[in-house]
Amino acid sequence: MRIGELAKRSLVPIRMLRYYEERGLLSPGRGANGYRDYRESDVTRAVLVSSLIRSGLPTRLIIPLLQDEPPGQPPATLDESPGAVDESLEGLFAAELARLDSKIACMNLSRTAVRKHLDRLRAPIPG
Numbered sequence: 001m002r003i004g005e006l007a008k009r010s011l012v013p014i015r016m017l018r019y020y021e022e023r024g025l026l027s028p029g030r031g032a033n034g035y036r037d038y039r040e041s042d043v044t045r046a047v048l049v050s051s052l053i054r055s056g057l058p059t060r061l062i063i064p065l066l067q068d069e070p071p072g073q074p075p076a077t078l079d080e081s082p083g084a085v086d087e088s089l090e091g092l093f094a095a096e097l098a099r100l101d102s103k104i105a106c107m108n109l110s111r112t113a114v115r116k117h118l119d120r121l122r123a124p125i126p127g
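Just so we're aligned, residue 1 is where the sequence shown starts under full-length UniProt numbering, counting upward by one.
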């Protein structure tokens, strides 16, 4: 499929899809005419990448998440020894998990406050 169709189906703007490709998050084939040629699986991948980015995950952490390499193999984008890569990635992912947990707790608190206020607004007025 072409980039316009992928954008429509994934709800990710064409500009962002090109950025994902630049960062190595999407790897479309190329047709004889030079146009990008996306697979069906790229729809799911583009949606996932978009969601991870919207949650605040940096692309440097998304790349190893998407790679199919076994643990101990350094991602192609990191130039360190395998042991150092595993330790540094572990620390980065642990910090990111803590950040996401904190953000989720904050959002749950906000959701509860908004829900209570909405319930008060919807409550029948006595009398």
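The beta carbon of each residue, even a glycine, is placed where N, CA and C say it ideally should be.
Residue range of the alpha helix (DSSP H) that includes residue i
| i | result |
| --- | --- |
| I62 | 59-66 |
| M1 | It is not in any alpha helix (DSSP H) - M1 carries neither H nor E in the DSSP assignment. |
| R39 | Segment: none, R39 is in no alpha helix (DSSP H) and carries neither H nor E. |
| L25 | Per DSSP, L25 belongs to no alpha helix (DSSP H) and is neither H nor E. |
Buried versus exposed, by CB contacts within 10 Å (16 or more), residue i
| i | result |
| --- | --- |
| P82 | Low confidence applies to P82: its pLDDT is 44, below 50, so where it sits in the model is not reliable enough to give any reading. |
| Y38 | buried |
| P71 | Because P71 sits at a pLDDT of 45, beneath the cut-off of 50, its placement in the model cannot be relied upon, and the point is left open. |
| E69 | With a pLDDT of only 44 at E69, under 50, the local geometry of the prediction cannot be trusted, and the value read off the model is given with reservation. It is exposed - the Cβ of E69 has fewer than 16 other Cβ atoms within 10 Å. |
| P64 | buried |
| G31 | exposed |
| L17 | buried |
| V114 | exposed |
| G4 | exposed |
| L118 | exposed |
Identity of the residue in the options nearest residue i by Cα
| i | options | result |
| --- | --- | --- |
| L48 | L66, G127, E96, A95 | L66 |
| A98 | L57, L17, E22 | L57 |
| S50 | P28, P13, G29 | P13 |
| R54 | G29, P28, R120, K103 | K103 |
CB of residue i within 8 Å of CB of residue j, strictly
| i | j | result |
| --- | --- | --- |
| L26 | R45 | yes |
| L92 | L61 | yes |
| D42 | L6 | yes |
| R15 | R36 | no |
| T59 | R23 | yes |
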